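Novice: Numbering (my numbering), first residue to last: 35 to 184.
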Amino acid sequence: MIEIALYQPDIPQNTGTILRTAACLGTPVHIIEPAGFRWSLASFRRAGMDYIEHVNLTRHNCYEDFMTATQQKRVVLATTKSATSYFDFSFKENDIILFGRESAGVPQSVHDNHPAQVTIKMQHKTRSLNIAVSAAMISAEAIRQVNLTS
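#1: Tell me whether the beta-carbon of Glu136 lies closer than 9 Å to the beta-carbon of Ile165.
#2: Under three-state DSSP, which class holds Ile66?
#3: Just to confirm the assignment, what range does the alpha helix (DSSP H) spanning Arg135 have?
#4: Leaving out five residues on either side along the sequence, give the residues of the same chain with a beta carbon under 6 Å from the beta carbon of Ile57.
#5: Using only CA atoms, which one of Met35, Asn95, Thr92, Tyr41 lies nearest to Pro141?
#6: Provide the residue span of the alpha helix (DSSP H) that contains Glu98, from first to last.
#7: Going along the chain, which residues of its own chain have a beta-carbon closer than 6 Å to the beta-carbon of Pro62, five neighbours each way excluded?
#8: Less than 9 Å between the beta carbons of Asp122 and Val109, yes or no?
#9: Rounded to whole angstroms, what's the CA-CA distance from Phe125 to Ala176? Just pull it up for me.
#10: Where do the N-terminal and C-terminal ends of the beta strand (DSSP E) with Ala39 fall, by residue?
#11: So, does the CB of Ile52 fall closer than 9 Å to a CB anywhere in chain C?
#12: Provide the residue span of the beta strand (DSSP E) that contains His94, from first to last.
#13: Quick check: what's the CA-CA separation for Val152 versus Gln105?
#14: Whole angstroms is fine: what's the gap from Thr160's alpha carbon to Gly139's?
#15: Pick helix, strand or coil for Thr153, following the three-state DSSP scheme.
#16: Measure the CB-CB distance between Ala112 and Gly134 and report whether it falls below 9 Å.
Here it is as C-alpha cells:
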C-alpha cells in the first residue's frame with residue numbers, strides 16, 4: 035500500500051483534509067513533528083470530520099525517527115524542484131510519498147536524502163497547489179499504478 039508522510043505540517047485544516055482523504059483511500063499517514071500547530075482533534079474537526087478515527091496514523095517525533103521507522107521502504111519526495119512528473123514516475127508497492135511544509139517545503143538536507151522525487155507540472159506563472167490537493171493527486175496516481183501491477 036502507498037503511504038503519505040507530512041513533514042512538519044503547518045496548517046491543521048490541510049492536515050485534516052489529507053487525513054480524511056487517507057481514511058477514504060485506506061492510505062496510512064505519517065506525521066513528522068514538530069507540527070506548526072497544536073495537535074488536537076479539534077484542530078482537524080472541520081476538514082477531517084469523523085474520518086480521522088479511521089486513519090492508520092503514525093506520529094514521529096522528528097525526521098530521524100521517521101527514517102529509522104521506515105528504513106525498509108522507499109521515500110518519494112513530492113517537490114517543486116523535481117523535473118520528473120508524477121505521471122512519468124514508476125511508483126512501487128509500499129512507497130511513502132513525502133510532502134513538505136506548506137510554508138517552506140523540506141530543508142535541503144532532507145531534499146538531498148531522497149533521490150526519488152516527483153513534481154506536479156504546472157503552468158508558468160504559478161508556484162504551487164494546495165498540499166491537500168497535491169497529496170490527493172499524487173497518491174491517487176501511485177495507487178492506480180500499484181493496482182495495475184498487482
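Glycine residues also receive a C-beta, built at the ideal position from the N, C-alpha and C atoms.
Predicted model only: the values in this text are computed from it and were never measured.
Specialist: Judging by the given coordinates:
#1: yes
#2: strand
#3: From DSSP, Arg135 is part of no alpha helix (DSSP H); its letter is neither H nor E.
#4: The question names Ile, but residue 57 in the sequence shown is Ala. Tyr85, His88, Val89.
#5: Tyr41
#6: 97 to 103
#7: Glu37, Asn90
#8: no
#9: 6 Å
#10: 37 to 41
#11: Given the protein chain composition of this structure (a single chain), no chain C is represented.
#12: 91 to 94
#13: 20 Å
#14: 16 Å
#15: strand
#16: yes
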